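So the protein sequences, as listed, match chains Y and A.
-11 is the number of the first residue of the first sequence in the working numbering; add one for each residue after it.
-11 is the number of the first residue of the second sequence in the working numbering; add one for each residue after it.
Beta carbons: idealized from backbone N, C-alpha and C, even for Gly.
Small disclaimer: the values here were computed from a predicted structure and weren't measured.
See below for the structure under consideration.
Number of protein chains: 2
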Amino acid sequence: MMSHAANPILVEATRGSMVESFHRGRYVVMKADGTVVAEGGDIDALMYPRSAIKPLLAIPLVESGAADAFKLEDKHIALACSSHNGEEEHANTVKAWLEHIGLSVEMLECAPHYSIHPPAGIKQAGDQITLTKAHNNCSGKHSGFLTTAQHLGDTPAGYINESHPVQQRLIKVLEEMGDCDLSSTPRGIDGCGIPVIGMRLRDLGLAMARMADPSGLDAKRIEAIKRIRKGCAAAPFMVAGTGRFCTGIMEECGEDALVKVGAEGVYCAAFPKQGLGVALKIDDGTQRGAEVAMGAILRQHGVIDDAKAEKLKKYLTPVLTNWAGKYAGDMRPAF
Amino acid sequence: MMSHAANPILVEATRGSMVESFHRGRYVVMKADGTVVAEGGDIDALMYPRSAIKPLLAIPLVESGAADAFKLEDKHIALACSSHNGEEEHANTVKAWLEHIGLSVEMLECAPHYSIHPPAGIKQAGDQITLTKAHNNCSGKHSGFLTTAQHLGDTPAGYINESHPVQQRLIKVLEEMGDCDLSSTPRGIDGCGIPVIGMRLRDLGLAMARMADPSGLDAKRIEAIKRIRKGCAAAPFMVAGTGRFCTGIMEECGEDALVKVGAEGVYCAAFPKQGLGVALKIDDGTQRGAEVAMGAILRQHGVIDDAKAEKLKKYLTPVLTNWAGKYAGDMRPAF
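Here it is as C-alpha cells:
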C-alpha cells in the first residue's frame, strides 16, 4: 500500500556542529489543471489527509446555504477550518456558536482535552476550568458539521459516522475536488472520531490547487471557496491559536496563503495569487518536519518574500532551545 | 557528517487498514569483544547519545567512591541514571539527596519545568506547586555530578561546562568504554545544559556491551557497573516514572534489561545475561519510534519472552487511540 522506497530528506534538525535528526517526506505543488509544478518523493502513494483538509470539509457548510442561513461570521468559518489550540477564546466562541444555532456543546461528538498550547493548558489546570467538548481541537469543524446538519434537517446524532449524510457529503466533496474515486480506499478513525479517508497525495494536491484557483468549478462552489479563504484570512487566530504556524503565516500573508496542518505530519496549502495547491506528508508524522517543509514551499513559490521571511523566521526555521531557553540548534529545509 | 543513504524502516504506525507513518533508523547489538550480533543502517555514522548514556555517566559517581562516602541508596543511583518525569516523588527525592550531601536545589544548573507526564503536570499546575530545578527531568544526573564534585573537592559552580572536571571525567569514561577518541567529534548542548558529544553508533554499542559484560575491565569499574545496574533494577520508577517505557521494562525484567531513553530518538540497553549491548537512533528523533524499536530488540534477543511480552504489550506495541480513548491504530516493529 505505502511505498517503502525512500522519500527525500525535506528537513534537518541540527544541534551544535552536526545534523542530529532529519525528516523524509513527499510533497506536490500543483495547478488546478493537474500540472505538477514541483514534487518530491512518491506522490502517487496513498496517505490520510487528516485535519489538513478542513478547508475542503468546510465547503458543504457554505455551499449548502447553512452559513448564510445562520449568519455565520468569518470567525465561525475559520473555526470550521480549524485545528485550534483549545484556548478559552476558541472554546467560548464554539459554545456561543452552537447556542446561536439552537444546539449545545453536549451534542459535539468529540472528547474534551486541555489546551494543546502548553502555557494555556497549564493556566486552565491552574484555574480549574471545567473542560467541555468545545475545548477539543476539532470542535470548530464539528460545529460546522452540526450547522450543516441542522440546516439540511439531518438528525445530528451520529454525525461522525461514515454512513451519516454529513460524512457522505464530505467524501463527495473530496472526490469532486480531487477528481478521484474514494469508495474503496483505506479507512481509519481520526483523533476527533470522524472517519479518515485514504487519498493519493497527488489528488489532495489537485483539490488544494482548486481551492487556490476554483475558476473551472461551478459558481456556487467558487463562491464557497472564496468565502472559506476570506474567513480564514480574516480570523487566523481561530484557525489555530497562540504560537501556531497556521496562524502566524496567515496573520502575515492574509488571503495569499491558506495553510492548514494535519496530524501525522500532513500540511496543505492554497496560494490564490499563484494558482497553486500544495499537499505534503512527512513520513514519520512529525509536525516540526511538516511545518519547516511547508515554510520552504511558501518561500520557493514566492508567497513569502525576504521581508516577510525575516518576520516569520520563528516559524520557517525555528530555533531549538534547551529547558533554560539557550540556543541548541536549528530546524532547516533540505530541499 | 551524517550519511544520507536511507536507513531501514524500523517501526510502522498504522491507522485503520493502512500504514500511516513510519520511522527509519539504525541500530547495533554488540558483544563486549566488539562482535556485531545484529545491525541495521549506518552504524559508523556519528550521533549524539543524549540522555541514553546516563548509566555510563553515573560511573564516576560510584567509581570515585562518592556514592559510598555519601551512603547513596539504590534510588539515588537510579536517579543519577534517570530522565525522570519530574513527578513530585522524583523532585522531592532529589531535594532530600542534595540536602543530605550539604548542597541545595539552587546549585543545580538545569531549568525547572512542569512534569513531562501530562496528568502529573496538570496536577502540579492545579495544585499550584512551586517548581524547582529538581523538577527538571535531568536533575538526578545533575545531582550525581554534584555529589562527585563534592566528594572530589571540585568547585561545584559551572559543572555543566565542558572544561569542568566533572565533564572531563565523563568524556574520559565514554572514550574508555567506547574505545574511541572523542577529542574532535562534534559538540552540542543538551536540554539540561551539559555538552553532548558526537559519537559513532558502533562505539556507543560497544560501551553498552561492556555495561552488560564488564568482565574485561578493571575491578573498580566492574563493581561500579554492577552497582549501577542493581540500582536501576531496584528503583525503576526513579529512572523514568509513571507510564514510561524504561520503568515498565525494568519493573518486569529487573537486572536482565538496563534500558535508557535519550532525546531525539535514541535508546541504549545492556542485557547482562546475554552479554549484549544495544545502541539505536531513529533518524527523525521520535521517541515512539525508538521505544518500539527497542521493544523489538528486547524480544529478538530473548530478554522478553512471550509471557513477559503479553504483560508489556502497551510498551512493545502501543495502541494509538483518539481523544475519546477509542482504538485508531498500532505501533509495530518492521524489522
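| request: Go ahead and pull the three-state DSSP assignment for residue 305 of chain A. | output: On the second sequence, position 317 is the one that residue 305 of chain A refers to. Note: residue 305 of chain A maps to coil in three-state DSSP.
| message | What residue range does the alpha helix (DSSP H) around residue 216 of chain Y cover? | response | Here the question's residue 216 of chain Y lines up with position 228 in the first sequence. Residues 207 to 222.
| task | Confirm, please, whether the CB-CB distance from residue 14 of chain A to residue 33 of chain A is below 9 Å. | result | The sequence position of residue 33 of chain A within the second sequence is 45, counting from 1. The sequence position of residue 14 of chain A within the second sequence is 26, counting from 1. Yes, the Cβ-Cβ distance between residue 33 of chain A and residue 14 of chain A is below 9 Å.
| query | When burial is assigned at 16 or more other CB atoms within 10 Å of the CB, is residue 63 of chain A buried or exposed? | reply | Translated into the one-based positions of the second sequence, residue 63 of chain A becomes position 75. Its Cβ being crowded by 16 or more others within 10 Å, residue 63 of chain A is buried.
| field | Inter-residue CB distance, residue 59 of chain Y and residue 263 of chain Y (contact presumed, cutoff 8 Å) | value | Within the first sequence, the letter at position 71 stands for residue 59 of chain Y. Within the first sequence, the letter at position 275 stands for residue 263 of chain Y. That pair is no contact at about 31 Å.
| Taking the alpha helix (DSSP H) that residue 331 of chain A falls in, what are its first and last residues? | The structure shown does not extend to residue 331 of chain A, since chain A spans only -11 to 323, so no value can be given for it.
| message | Just checking: is the beta-carbon of residue 10 of chain Y within a distance shorter than 9 Å of some beta-carbon in chain A? | response | Locating residue 10 of chain Y in the first sequence gives position 22, where the first residue counts as 1. Yes - at least one Cβ of chain A is within 9 Å of the one on residue 10 of chain Y.
| said: Between residue 287 of chain Y and chain A, is any beta-carbon pair separated by less than 9 Å? | reply: Walking along the first sequence from the start, residue 287 of chain Y turns up at place 299. Cβ-Cβ to chain A under 9 Å: no for residue 287 of chain Y.
| Buried or exposed by the 16-neighbour rule on C-beta atoms within 10 Å, applied to residue -9 of chain Y | Against the first sequence, residue -9 of chain Y aligns to sequence position 3. In this prediction, residue -9 of chain Y scores a pLDDT of 46, lower than 50, which makes its location untrustworthy; the coordinate-derived value is nonetheless stated afterwards. That one is exposed.
| said: Run through chain A and tell me which residues come within less than 9 Å of residue 152 of chain Y, C-beta to C-beta. | reply: On the first sequence, position 164 is the one that residue 152 of chain Y refers to. Chain A residues near residue 152 of chain Y: none, gap ~17 Å exceeds 9 Å.
| query | Rounded to a whole number of angstroms, what is the C-alpha to C-alpha distance between residue 216 of chain Y and residue 50 of chain Y? | reply | Within the first sequence, the letter at position 228 stands for residue 216 of chain Y. Within the first sequence, the letter at position 62 stands for residue 50 of chain Y. C-alpha separation (whole angstroms): 8 Å.
| Under the three-state reduction of DSSP, which class applies to residue 27 of chain Y: helix, strand or coil? | If you number the first sequence from 1, residue 27 of chain Y lands on position 39. In this structure, residue 27 of chain Y counts as strand in the three-state DSSP scheme.
| field | CB contact below 9 Å: residue 105 of chain Y versus chain A | value | Locating residue 105 of chain Y in the first sequence gives position 117, counting from the first residue. Chain A contact via Cβ: absent.
| Contact set between residue 116 of chain A and chain Y, taken where Cβ atoms lie within less than 9 Å | One-based indexing of the second sequence puts residue 116 of chain A at position 128. Chain Y residues near residue 116 of chain A: 114.
| query | Thinking C-beta only, is residue 253 of chain A closer than 9 Å to residue 270 of chain A? | reply | One-based indexing of the second sequence puts residue 270 of chain A at position 282. One-based indexing of the second sequence puts residue 253 of chain A at position 265. Cβ atoms of residue 270 of chain A and residue 253 of chain A: closer than 9 Å.
| said: For residue 133 of chain A, report the span of its alpha helix (DSSP H) as first-last. | reply: In the second sequence, residue 133 of chain A corresponds to position 145, counting from 1. Taken as a continuous stretch (DSSP letters only), the alpha helix (DSSP H) holding residue 133 of chain A covers 127 to 140.
| message | Determine whether the beta carbon atoms of residue 175 of chain Y and residue 211 of chain Y lie at a separation below 9 Å. | response | Translated into positions along the first sequence, residue 175 of chain Y becomes position 187. Translated into positions along the first sequence, residue 211 of chain Y becomes position 223. Their beta carbons are not under 9 Å apart, which means residue 175 of chain Y does not touch residue 211 of chain Y by this criterion.
| message | Can you tell me where the alpha helix (DSSP H) holding residue 111 of chain A begins and where it ends? | response | Working through the second sequence from its first residue, we reach residue 111 of chain A at position 123. Its alpha helix (DSSP H) spans residues 106 to 114.
| query | Tell me, which residues are paired with residue 12 of chain A by DSSP? | reply | On the second sequence, residue 12 of chain A is found 24 positions in, with the first residue counted as 1. DSSP, once it has assigned bridges, lists A/-3 as partnering residue 12 of chain A.
| Over what stretch of residues does the alpha helix (DSSP H) that includes residue 42 of chain Y continue unbroken? | Residue mapping note: residue 42 of chain Y aligns to position 54 of the first sequence, counting from 1. Its alpha helix (DSSP H) spans residues 42 to 45.
| query | So, is the C-beta of residue 94 of chain Y closer than 9 Å to a C-beta in chain A? | reply | The residue you call residue 94 of chain Y lines up with position 106 of the first sequence. No, its Cβ sits nowhere closer than 9 Å to a Cβ of chain A.
| Using a Cβ-Cβ distance under 9 Å, would residue 327 of chain Y count as near chain A? | What the structure shows of chain Y is the stretch from -11 to 323, and residue 327 of chain Y is not part of that stretch, so it cannot be assessed.
| said: Along the chain, where does the alpha helix (DSSP H) containing residue 153 of chain A start, and where does it finish? | reply: Position 165 of the second sequence, counting from 1, holds the residue named residue 153 of chain A. First-last of the alpha helix (DSSP H) with residue 153 of chain A: 153 to 166.
| For residue 70 of chain Y and residue 331 of chain A, believed in contact at Cβ under 8 Å, the rounded distance | Residue numbering for chain A in the displayed model covers -11 to 323; residue 331 of chain A lies beyond these limits and cannot be assessed.
| said: Buried or exposed, going by whether 16 or more other CB atoms sit within 10 Å of the CB of residue 141 of chain A? | reply: Within the second sequence, residue 141 of chain A is the residue found at index 153, counting from 1. It counts as exposed.
| said: Bridge partners for residue 265 of chain A per DSSP, in chain order? | reply: The residue labelled residue 265 of chain A in the question sits at position 277 within the second sequence. Partner(s): A/18 and A/258.
| Residue-level contact to chain Y via CB, residue 5 of chain A, 9 Å cutoff | By one-based count along the second sequence, residue 5 of chain A stands at place 17. Output row for residue 5 of chain A: interface = yes.
| said: Does any residue of chain A have a CB that is nearer than 9 Å to the CB of residue 30 of chain Y? | reply: Counted from its first residue, the first sequence places residue 30 of chain Y at position 42. Not an interface residue.
| With a cut-off of 9 Å, does the C-beta of residue 41 of chain Y fall near any C-beta of chain A? | Translated into positions along the first sequence, residue 41 of chain Y becomes position 53. Judged by the 9 Å Cβ criterion, residue 41 of chain Y is not in contact with chain A.
| field | chain Y contact for residue 180 of chain A (CB, 9 Å cutoff) | value | Locating residue 180 of chain A in the second sequence gives position 192, where the first residue counts as 1. At least one chain Y Cβ lies under 9 Å of residue 180 of chain A.
| query | Would you say residue 159 of chain Y faces chain A, with C-beta separation under 9 Å as the test? | reply | In the first sequence, counting from the first residue as 1, residue 159 of chain Y sits at position 171. No, its Cβ sits nowhere closer than 9 Å to a Cβ of chain A.
| query | residue 101 of chain Y versus chain A: which residues are under 8 Å apart at the beta carbon? | reply | Taking the first sequence and counting its residues from 1, the one referred to as residue 101 of chain Y is at position 113. Within chain A, the residues near residue 101 of chain Y are 311.
| said: Using the three-state DSSP reduction, which class does residue 93 of chain Y fall into: helix, strand or coil? | reply: Stepping through the first sequence from its first residue, residue 93 of chain Y is reached at position 105. It is helical.
| request: Could you name the residues of chain A that residue 314 of chain Y contacts, counting a contact when the two beta carbons are closer than 8 Å? | output: The residue labelled residue 314 of chain Y in the question sits at position 326 within the first sequence. Within chain A, the residues near residue 314 of chain Y are 177 and 181.
| query | Grouping DSSP H, G and I as helix and E and B as strand, with all else coil, what is residue 296 of chain A? | reply | Walking along the second sequence from the start, residue 296 of chain A turns up at place 308. Helix, per DSSP.
| What residue from Y/224, Y/250, Y/229 and Y/251 has the CA that sits closest to residue 240 of chain Y's CA? | Here residue 240 of chain Y refers to the residue found at position 252 when the first sequence is read from its first residue. Residue 240 of chain Y has its Cα closest to that of Y/224, out of Y/224, Y/250, Y/229 and Y/251.
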